[in-house]
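*Asks:* Quick one: the structure is below, questions incoming.
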Amino acid sequence: NPQAIKEQTVKKRYANPLPSFADRLAIVDFNEQEQVFLFADGKSLGSGFELGDIQAEAASPEYLQAVFNKIRDTFASVVPLHAVDPWVMQMFVQDEYCLDPVITHIKTQIPQQFRESPLTQDYLERLHDLYNKMTRPEGLFIDPKTGAPYRGRRRRIRVLFYRQLHQTTLPREQILLEHQEVISQIETKLRSPGLEIKRLKGQDYYQWWIRWFNPKSADEILEQYPYPNPIPAGFNLAQNVFFAPPESDEQGFIFEGMKQRILYVDGLKEAPIIGLVSRERQQANPKHRYALLDTLPEGSIYTIQVVFSHDENLDSHLTRLEKGIVGTSLKPQEVKDDIRTARNELSMGNRLFWVNQAIFYQAEDEQQAQIIEKNLHAIFNDAKMPLIHSNYDLHPLNSWLNALPFNFDPYYARKYLCFDRLMYATELAALLPVYGRNQGARHLPCFPFFNRLGEPVFFDLLHHDFVSQNSHCAIFANSGGGKSVLTGWMIQSLLAMKDARVVLFEMGNSFDRILIHAKAHGKKTNQLLLSNKKDEAVPLNPFCEAYKAIPEITDNLSTEQATLIAQKIMELKSNLQEPANSEDVVCGDGHRSYLAELALALRTMITEANALEEEQFTLADETLLIEVLSDAILTSFNNEIPQMLTEHIVSAFKRRLDRETVARKKDRILDMHDRLNSYVINSVKSRFFNVPTEPLGDFDIFHVDISAIKDDTGKLALVMVSLLPRILAMAEATQNDNRPTFLFIDESHLQFQIPSVVTVCLLIAKVARKLGLWLVAITQNVTDMNSEKATKILSLIETWILLGLDEKEIADVKRFKSLTPQQETLIRDIDSQKGLYAEAVLLGSRYQGLFRVIPPRYLLALLMTEKSEKAQRHLLEKEHDVLEAAEIMAKKLEQPNTATHNRAYFYD
Numbered sequence: 028n029p030q031a032i033k034e035q036t037v038k039k040r041y042a043n044p045l046p047s048f049a050d051r052l053a054i055v056d057f058n059e060q061e062q063v064f065l066f067a068d069g070k071s072l073g074s075g076f077e078l079g080d081i082q083a084e085a086a087s088p089e090y091l092q093a094v095f096n097k098i099r100d101t102f103a104s105v106v107p108l109h110a111v112d113p114w115v116m117q118m119f120v121q122d123e124y125c126l127d128p129v130i131t132h133i134k135t136q137i138p139q140q141f142r143e144s145p146l147t148q149d150y151l152e153r154l155h156d157l158y159n160k161m162t163r164p165e166g167l168f169i170d171p172k173t174g175a176p177y178r179g180r181r182r183r184i185r186v187l188f189y190r191q192l193h194q195t196t197l198p199r200e201q202i203l204l205e206h207q208e209v210i211s212q213i214e215t216k217l218r219s220p221g222l223e224i225k226r227l228k229g230q231d232y233y234q235w236w237i238r239w240f241n242p243k244s245a246d247e248i249l250e251q252y253p254y255p256n257p258i259p260a261g262f263n264l265a266q267n268v269f270f271a272p273p274e275s276d277e278q279g280f281i282f283e284g285m286k287q288r289i290l291y292v293d294g295l296k297e298a299p300i301i302g303l304v305s306r307e308r309q310q311a312n313p314k315h316r317y318a319l320l321d322t323l324p325e326g327s328i329y330t331i332q333v334v335f336s337h338d339e340n341l342d343s344h345l346t347r348l349e350k351g352i353v354g355t356s357l358k359p360q361e362v363k364d365d366i367r368t369a370r371n372e373l374s375m376g377n378r379l380f381w382v383n384q385a386i387f388y389q390a391e392d393e394q395q396a397q398i399i400e401k402n403l404h405a406i407f408n409d410a411k412m413p414l415i416h417s418n419y420d421l422h423p424l425n426s427w428l429n430a431l432p433f434n435f436d437p438y439y440a441r442k443y444l445c446f447d448r449l450m451y452a453t454e455l456a457a458l459l460p461v462y463g464r465n466q467g468a469r470h471l472p473c474f475p476f477f478n479r480l481g482e483p484v485f486f487d488l489l490h491h492d493f494v495s496q497n498s499h500c501a502i503f504a505n506s507g508g509g510k511s512v513l514t515g516w517m518i519q520s521l522l523a524m525k526d527a528r529v530v531l532f533e534m535g536n537s538f539d540r541i542l543i544h545a546k547a548h549g550k551k552t553n554q555l556l557l558s559n560k561k562d563e564a565v566p567l568n569p570f571c572e573a574y575k576a577i578p579e580i581t582d583n584l585s586t587e588q589a590t591l592i593a594q595k596i597m598e599l600k601s602n603l604q605e606p607a608n609s610e611d612v613v614c615g616d617g618h619r620s621y622l623a624e625l626a627l628a629l630r631t632m633i634t635e636a637n638a639l640e641e642e643q644f645t646l647a648d649e650t651l652l653i654e655v656l657s658d659a660i661l662t663s664f665n666n667e668i669p670q671m672l673t674e675h676i677v678s679a680f681k682r683r684l685d686r687e688t689v690a691r692k693k694d695r696i697l698d699m700h701d702r703l704n705s706y707v708i709n710s711v712k713s714r715f716f717n718v719p720t721e722p723l724g725d726f727d728i729f730h731v732d733i734s735a736i737k738d739d740t741g742k743l744a745l746v747m748v749s750l751l752p753r754i755l756a757m758a759e760a761t762q763n764d765n766r767p768t769f770l771f772i773d774e775s776h777l778q779f780q781i782p783s784v785v786t787v788c789l790l791i792a793k794v795a796r797k798l799g800l801w802l803v804a805i806t807q808n809v810t811d812m813n814s815e816k817a818t819k820i821l822s823l824i825e826t827w828i829l830l831g832l833d834e835k836e837i838a839d840v841k842r843f844k845s846l847t848p849q850q851e852t853l854i855r856d857i858d859s860q861k862g863l864y865a866e867a868v869l870l871g872s873r874y875q876g877l878f879r880v881i882p883p884r885y886l887l888a889l890l891m892t893e894k895s896e897k898a899q900r901h902l903l904e905k906e907h908d909v910l911e912a913a914e915i916m917a918k919k920l921e922q923p924n925t926a927t928h929n930r931a932y933f934y935d
């Protein structure tokens, strides 16, 4: 082995007279069963957690104050107070620019039966490629919100608790029992303000410290030497995280050639605002919004150490200060006032804590270290908590060691380092780095998005952890808000992650390239392009499923029963403007009435969705329709007609007309007969609605473009009430195959103004849970969604996604969905950037927050809707096929534009 190490070299290493770095760590052993560290003194114990932060971006003052109060109350009493050997809390915050664990998690959440399918594999490869490009130093693009590269990352917040038992003498068993009781209480208290929390295990510490002490080769080490399971005898965690000999110089330590140093904070110059360190907030440049932590150089770790001293100790400290005050000048008087204020605050429950703040940073060489230190000074000066210059740190090695995990010793720090400062509970609560950004439901990776930091944001409309009532969704946007990209990315994710069936009604053919992509990767696509041209007519017989209603007719249908069904339809139509009640929202009514659906289609043919005609339609008219319809169905079935057509219902009307004796009724029947007969004798209508129609076969995507008839309300209504029951029939036939079906209705403000369409959608909603058929209503014309008929269908939708609404559009949304002040603040903070990302707000029953829509650039190229973008793509498609052209466009979009436009501003 040419790389073998000689025995002599190994012996020489063991004979090294220099001290061992591992011996400078306070911990000596980790107990996997109890998940505690044993300290070098043989009795002190320590444990840790990883925290998920609380979203606080674009927060309203009321919401922010409520979060702050919870944080203050939680951390002020998180551990018991001791006069001797107090509890210590250490918090470490750092950004990891690696999203590989996220991709691994996504893969494990995909069911095995279609994980290897071509489309899912393509989806995962493109998503992985996007994540890799986002984590590179140049990022995916320059973020206008920060002026810096937009990079993918994960913010890790770790908090450690321990007592160093210098003077306490208790049996080991009692120490362990008390430690575990306190840790259990800590866990409960930390969950109370809404923090997600995980107890750290040996593997978590191992991965954390491997990355810390081996900054250049951490990934290779973790792959080659993962955390052992089971733990071998003699394994020492503290010694097994160093894979290269640590070095030191006058300023700090060196790991794998990287200089690691520390700078301490020299107290607060003014009372900190809430979330000073970690909350995104407006900067001096009005274009910029970011948090202090966002600007730290890569590899930095912000740490805060808090000592939970007993009130008696704090009182003694204040008394010593009082005794040391000499003189009557202004300065001594100010100190006396401060001490008086401190005692008042203590008496009111605003406790005092000894706090150390510091920032670890690393650099390749001395020059880079000086540049980073200078930048850090500027960052913390702006935050009004200046750093102590490294020149004034008399013992930088000890300063660095003392801030390591579990290494902070309050007595040593107070006596020799003198970096600690007293802070009130309110100041500490404002500083703690737990005010973060929305990350959605992190464990439910169906729809992958990002927040403004670059952290992944996930949610899953189908999972009971995300929704409480139903999986219906509304997507509202303004013009240019990114609706098409969001919808296309959601469709792609549903196909890949859930193997869902997708039905898409749209106008404008924005998603045709998604179908081409899906078909190229093995998905069955069915496309219906409605046209007014005679030779392109698509048969849409509204009564193709009529024979399924025979059980309702033969078993139950008396005159009274027909009237009951008619009454049900009338009630549905008359209550469209009322909000949905709790029973409606659950969407759990498993009963489907085929006869009611057919009667709705027949009524729409007669009224042609004319508002005045609909208003004049009476219960008697509805009952008559059901009776005539029943006659037509049974007669056609008995005559062995393969599929009932409109002409057969016309014949049934004629038979009823011949039997009727009351003149007024006869006139009404004749009127209905003549209206319906136009669908038989008028070729413009008959070629659509009086020809046999094949049932919908199995498909993955069914795409219906209704652009040609969008201005013809009657025809649009009839097409919708003809197709929707067929989609419902398909969902019913496939309800046991564990594949959900999503019905996307783009430009739904047009359909939701038509009572018959809304009524059919309500009928679908009622059986949604049983059939796994969920509605997604989409529009970028929120103002046009002004029909009161849409109230009920929109109010039963649980999950809303809003992209860039103005004040009027927010007011329009509030007619259908109540919004809290915090939700309104989030919506107003949306700031999309054309060509880079679209921002949206998720409003769910359990999760809400702001996120960015950033699909792989290839998918973005397929979904471009801007005129200039489509023109570019069209030129490429002349030379290449559609998917190749999208790949070329994607490569152009992937190049980060780092150039500034200052020279152009000055005409240079």
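Heads up, the sequence shown is in our numbering, so the first residue is 28 and it goes up one at a time. The beta carbon of each residue, even a glycine, is placed where N, CA and C say it ideally should be.
#1: Is the Cβ-Cβ distance between residue 136 and residue 472 less than 7 Å?
#2: Go ahead and label residue 742 buried or exposed: buried means 16 or more other beta carbons lie within 10 angstroms of its beta carbon, across all protein chains shown.
#3: Drop a sphere of 10 angstroms on the beta-carbon of residue 258, count the other beta-carbons inside from all chains shown, and report buried for 16 or more, exposed for fewer.
#4: I believe residue 627 touches residue 746 by the beta-carbon criterion, under 8 Å. Please report the beta-carbon distance rounded to the nearest angstrom.
#5: In the DSSP assignment, the beta strand (DSSP E) including residue 450 goes from what residue to what residue?
#6: What is the rounded straight-line gap between the Cα of residue 822 and the Cα of residue 828?
#7: First and last residue of the alpha helix (DSSP H) that includes residue 373?
#8: With a 10 Å radius around its C-beta and 16 neighbouring C-beta atoms as the bar for buried, classify residue 624 as buried or exposed.
#9: Below 8 Å on the Cβ atoms is my guess for residue 503 versus residue 840; work out the distance and round it to an integer in Å.
#10: To the nearest angstrom, report how far apart residue 277 and residue 423 are at their CA atoms.
#11: For a minimum of 4 consecutive residues, which ranges assigned as the alpha helix (DSSP H) are wholly contained in the stretch 498 to 575?
#12: Hey, would you say residue 568 sits closer than 7 Å to residue 806, going by beta carbons?
#13: Please say whether residue 851 and residue 859 have beta carbons closer to each other than 7 Å?
#14: Pull up the CB-CB distance for residue 306 and residue 462, whole angstroms please, since I reckon it's below 8 Å.
#15: Can you tell me whether residue 375 is buried or exposed, with buried defined as 16 or more other CB within 10 angstroms of its CB?
#16: Please confirm if residue 801 has its CB atom under 7 Å from at least one CB of chain B.
#17: Pairing CB atoms from the stretch 497 to 516 with CB atoms from the stretch 903 to 920, are three or more of them under 8 Å?
#18: Is residue 708 buried or exposed, if buried means 16 or more other CB atoms sit within 10 Å of its CB?
#19: Could you check how far apart the C-beta atoms of residue 536 and residue 732 are, in whole angstroms? I think they sit under 8 Å.
#20: Among residues of its own chain, excluding the 5 on either side of residue 885, which ones have a beta-carbon nearer than 7 Å to its beta-carbon?
#21: Terminal residues of the continuous alpha helix (DSSP H) containing residue 848?
#22: With a cut-off of 8 Å on the beta carbons, I'd call residue 784 and residue 748 a contact; round off their distance for me.
#23: Determine the direct distance from the alpha carbon of residue 550 to that of residue 769, and round the result to whole angstroms.
#24: For my contact list, residue 849 and residue 86 are in at a C-beta cut-off of 8 Å; report their separation, rounded to the angstrom.
#25: For residue 226, which three-state DSSP category applies?
#26: By the 10 Å Cβ neighbour count, where 16 or more other Cβ atoms means buried, how is residue 782 classified, buried or exposed?
#27: Closest by CA to residue 64, which one among 167, 47 and 202?
#28: Could you work out which residue in 681, 555 and 674 is closest to residue 724 when comparing CA atoms only?
#29: With H, G and I counted as helix, E and B as strand and the rest as coil, what does DSSP make of residue 341?
#30: Alpha carbons only, please: which of 240, 443, 234 and 261 is nearest the one belonging to residue 253?
#31: What residue does the beta strand (DSSP E) around residue 385 start on, and which one ends it?
#32: List the DSSP bridge partners of residue 326.
#33: Any idea if residue 353 is buried or exposed, counting beta-carbon neighbours within 10 angstroms, 16 or more meaning buried?
#34: Smallest Cα separation from residue 519: which of 54, 727, 744 and 272?
#35: Can you give, in chain order, each stretch of the beta strand (DSSP E) that sits fully within the stretch 738 to 795 and has at least 3 residues?
#36: In the DSSP assignment, the alpha helix (DSSP H) including residue 655 goes from what residue to what residue?
*Replies:* In short, the structure shows the following:
#1: yes
#2: buried
#3: exposed
#4: Going by Cβ atoms, the distance from residue 627 to residue 746 rounds to 13 Å, so no, they are not a contact pair.
#5: 448 to 451
#6: 14 Å
#7: 357 to 374
#8: buried
#9: 6 Å
#10: 7 Å
#11: 510 to 525 and 539 to 547
#12: no
#13: no
#14: 4 Å
#15: exposed
#16: Protein chain content of the structure displayed is limited to a single chain, and chain B is not contained in it.
#17: no
#18: exposed
#19: 5 Å
#20: 153, 913, 914 and 917
#21: 848 to 855
#22: 6 Å
#23: 16 Å
#24: 7 Å
#25: strand
#26: buried
#27: 202
#28: 555
#29: helix
#30: 234
#31: 379 to 390
#32: Paired residue(s): none; residue 326 is not in a bridge.
#33: exposed
#34: 727
#35: 768 to 772
#36: 646 to 665
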